[in-house]
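Peer 1: Residue numbers (full-length UniProt numbering): 1 to 217. The beta-carbon is built from N, C-alpha and C at its ideal position, and this holds for glycine as well. Being a predicted model, the structure only gives us computed values, none of them experimental.
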Ligand SMILES: CC(C)(COP(=O)(O)OP(=O)(O)OC[C@H]1O[C@@H](n2cnc3c(N)ncnc32)[C@H](O)[C@@H]1OP(=O)(O)O)[C@@H](O)C(=O)NCCC(=O)NCCS
């Protein structure tokens with residue numbers, strides 16, 4: 001089997017640096033090559049500029065030592081390793097209505113990226129006995145080419161307000177951009193519009209409205 005796309009990707013990386021200018025929403029969707037609703041402008045290459053490092057699938061975001069000597073690490077992962085019961089417990093904590101577990105499991109399995117935050121606590125020298133707990137999740141569905149939509153963004157209330165929700169979405173966006181998926185959308189609860197606006201999301205770009213169809217039963 002010949003992987004032309006892989007070869008093309010390598011060639012693209014060797015091309016001059018490409019920077020982005022904001023373009024029309026539909027223009028970027030139709031052209032398919034835009035990133036974050038952008039058009040691309042070629043700049044003179046600089047030999048000193050480094051390629052952005054690809055994000056590892058899993059890494060330690062934060063490490064804190066508690067007064068009692070316990071170490072807490074917050075681990076980001078885009079590997080999709082989520083126990084459906086842990087997710088249900090987390091959804092309960094933020095007060096979301098329960099969904100059937102089988103459907104939740106199917107939604108996780110069929111997502112393009114499932115990004116998680118886990119808290120890992122251990123005493124010095126006892127890393128092997130670390131206690132790992134799901135404290136955040138966001139997932140994205142995708143056509144694997146142009147578009148992705150982010151769903152089910154949540155952070156454990158005991159860890160909210162520490163910047164973790166923001167980092168979770170930023171890393172998820174970076175993971176999508178690394179896969180050359182630049183049209184990223186989501187449906188924001190009215191209470192969290194500002195949270196997403198802070199992250200660069202724009203409601204109703206060019207007056208475009210999200211429209212919903214609900215069954216009439
Ligand atoms: C929304 C949620 C994921 C935010 O996570 P978080 O870890 O508390 O957010 P952060 O601490 O990373 O906040 C990042 C920034 O957004 C702001 N922010 C957080 N929640 C906000 C909200 N509800 N409304 C407006 N701004 C908000 C913070 O003040 C912070 O601003 P700063 O960068 O200027 O300091 C979290 O509150 C949550 O899980 N809520 C319940 C589930 C939910 O509503 N999910 C969204 C469904 S669409």
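Can the beta-carbon of residue 71 be found less than 9 angstroms from the beta-carbon of residue 134?
Peer 2: The residue labelled residue 71 in the question sits at position 71 within the chain shown. The residue labelled residue 134 in the question sits at position 134 within the chain shown. In this structure, residue 134 does not lie closer than 9 angstroms to residue 71 by Cβ.
Peer 1: How big is the Cα-Cα spacing for residue 60 and residue 215?
Peer 2: Numbered from 1 along the chain shown, position 60 holds the residue referred to as residue 60. Numbered from 1 along the chain shown, position 215 holds the residue referred to as residue 215. Their Cα atoms are separated by approximately 43 angstroms.
Peer 1: When the Cα of residue 150 is compared with those of 141, 158 and 157, which residue comes out closest?
Peer 2: Taking the first residue of the chain shown as position 1, residue 150 is located at position 150. Here the closest residue by C-alpha is 141.
Peer 1: Would you kindly work out how many angstroms separate the C-alpha atoms of residue 122 and residue 112, rounded to a whole number?
Peer 2: Here residue 122 refers to the residue found at position 122 when the chain shown is read from its first residue. Here residue 112 refers to the residue found at position 112 when the chain shown is read from its first residue. Roughly 32 angstroms between the two C-alpha positions.
Peer 1: What span of residues does the alpha helix (DSSP H) with residue 60 cover, start to end?
Peer 2: Translated into the one-based positions of the chain shown, residue 60 becomes position 60. Per DSSP, residue 60 belongs to no alpha helix (DSSP H); it is in the beta strand (DSSP E), 58–65.
Peer 1: Taking only beta-carbon atoms, is residue 130 less than 9 angstroms away from chain D?
Peer 2: No chain D appears in the structure shown, which is made up of a single protein chain.
Peer 1: So does the segment 200–207 actually touch the segment 100–112, counting three or more Cβ pairs closer than 8 angstroms?
Peer 2: Contact between the segment 200–207 and the segment 100–112 is absent, because fewer than three Cβ pairs lie under 8 angstroms.
Peer 1: Please name the residue in 128, 102 and 75 whose C-alpha comes closest to that of residue 85.
Peer 2: Counting from 1 along the chain shown, the entry for residue 85 is found at position 85. Ranking the options by Cα distance to residue 85, first place goes to 102.
Peer 1: Under 8 angstroms by Cβ, that's how I've got residue 82 and residue 74 pegged, so tell me the actual separation to the nearest angstrom.
Peer 2: The count along the chain shown starts at 1 and reaches residue 82 at position 82. The count along the chain shown starts at 1 and reaches residue 74 at position 74. 16 angstroms between Cβ atoms; not a contact.
Peer 1: Pull up the distance between the alpha-carbon of residue 181 and that of residue 67, whole angstroms please.
Peer 2: Position 181 of the chain shown, counting from 1, holds the residue named residue 181. Position 67 of the chain shown, counting from 1, holds the residue named residue 67. So the alpha carbons of these two residues sit roughly 43 angstroms apart.
Peer 1: DSSP on residue 110, reduced to helix/strand/coil?
Peer 2: One-based indexing of the chain shown puts residue 110 at position 110. Three-state result, residue 110: coil.
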